[in-house]
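*Asks:* Per the numbering used here, the sequence shown starts with residue 14, numbered consecutively. Glycine included, each C-beta is placed from N, C-alpha and C at the ideal position. Let me begin by handing over the structure; questions about it come next.
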Amino acid sequence: MRRGREVDELQVIYFTLKNPKDKLQTLVEVLTGHFAQKQSIHVRAPDRAALNFISDLLWKEPKESFLPHSKEVLLPYQDIIYLSLEGAPLETFSFAFNLCKEPYPKAPGLKRIYELEDLSHPHKAAIFQEKFKTYQKAGYTLCSAH
Numbered sequence: 014m015r016r017g018r019e020v021d022e023l024q025v026i027y028f029t030l031k032n033p034k035d036k037l038q039t040l041v042e043v044l045t046g047h048f049a050q051k052q053s054i055h056v057r058a059p060d061r062a063a064l065n066f067i068s069d070l071l072w073k074e075p076k077e078s079f080l081p082h083s084k085e086v087l088l089p090y091q092d093i094i095y096l097s098l099e100g101a102p103l104e105t106f107s108f109a110f111n112l113c114k115e116p117y118p119k120a121p122g123l124k125r126i127y128e129l130e131d132l133s134h135p136h137k138a139a140i141f142q143e144k145f146k147t148y149q150k151a152g153y154t155l156c157s158a159h
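Here it is in structure tokens:
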């Protein structure tokens, strides 16, 4: 039990996955949960092809609906889910889903970062391990989603 004022810790929640279908399903489930709770989340994509793929996916998923979002430009009343490229200026979001090779940068108000531990290829697993070490060194709380 902590004494005094509660300190907000930055959490990194990671999902260990082996195939593309599970990665996409996990992304949609996390975004759906934040959308339902009206919690803004930033999705950071590594390149334009990935950004466009994710945007198209969110207009088709979940099956019974879709997830409104803005891409590269924050739009009023559509900013719960915001998609951008790596290196784009960061707005203040409490939640982020990082799909890039580099760790998500610390930002004011950031509470949780979602990461994918991709075991489909040794190179992808090594990239995640480097990010994991960086987050660990920064003192973030690391938690497996499974």
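#1: Do you know how far the Cα of Y27 is from the Cα of D35?
#2: Which residue comes first and which comes last in the beta strand (DSSP E) that contains H55?
#3: Where do the N-terminal and C-terminal ends of the beta strand (DSSP E) with P42 fall, by residue?
#4: When you compare the CB positions of R125 and L23, do they come within less than 9 Å of one another, or not?
#5: Determine whether the beta carbon atoms of L110 and I54 lie at a separation below 9 Å.
#6: Counting along the chain, where does the alpha helix (DSSP H) carrying E143 start and finish?
#7: Taking A109 as part of the beta strand (DSSP E), name the residues at either end of that continuous run.
#8: Could you check the C-alpha separation between Y148 and Y127 for me, to the nearest Å?
#9: Determine the closest residue to L37 out of F48, D69, G152, with distance taken between C-alpha atoms.
#10: What is the DSSP secondary structure of L123, reduced to helix, strand or coil?
#11: Helix, strand or coil for S68, going by three-state DSSP, please let me know.
#12: Tell me which residues share the same chain as K84 and place their Cβ nearer than 6 Å to its Cβ, disregarding the 5 neighbours each side in the sequence.
*Replies:* Let me spell this out:
#1: One C-alpha to the other measures close to 13 Å.
#2: For H55, the enclosing beta strand (DSSP E) has its first and last residue at 54–58.
#3: Sequence inspection shows Glu at residue 42; the Pro mentioned does not correspond to that position. From DSSP, E42 is part of no beta strand (DSSP E) but of the alpha helix (DSSP H) over 33–49.
#4: Contact check for R125 against L23 passes: the beta carbons are separated by less than 9 Å.
#5: A small correction: the amino acid at residue 110 is Phe; Leu does not occupy that position in the sequence shown. It is a contact, given that the beta carbons lie within the stated cut-off.
#6: E143 -> alpha helix (DSSP H) spans 135–150.
#7: A109 -> beta strand (DSSP E) spans 108–111.
#8: C-alpha separation (whole angstroms): 12 Å.
#9: The residue with the shortest Cα to Cα distance from L37 is D69.
#10: Note: L123 maps to coil in three-state DSSP.
#11: In this structure, S68 counts as helix in the three-state DSSP scheme.
#12: The answer, listed in chain order, is S68, L96.
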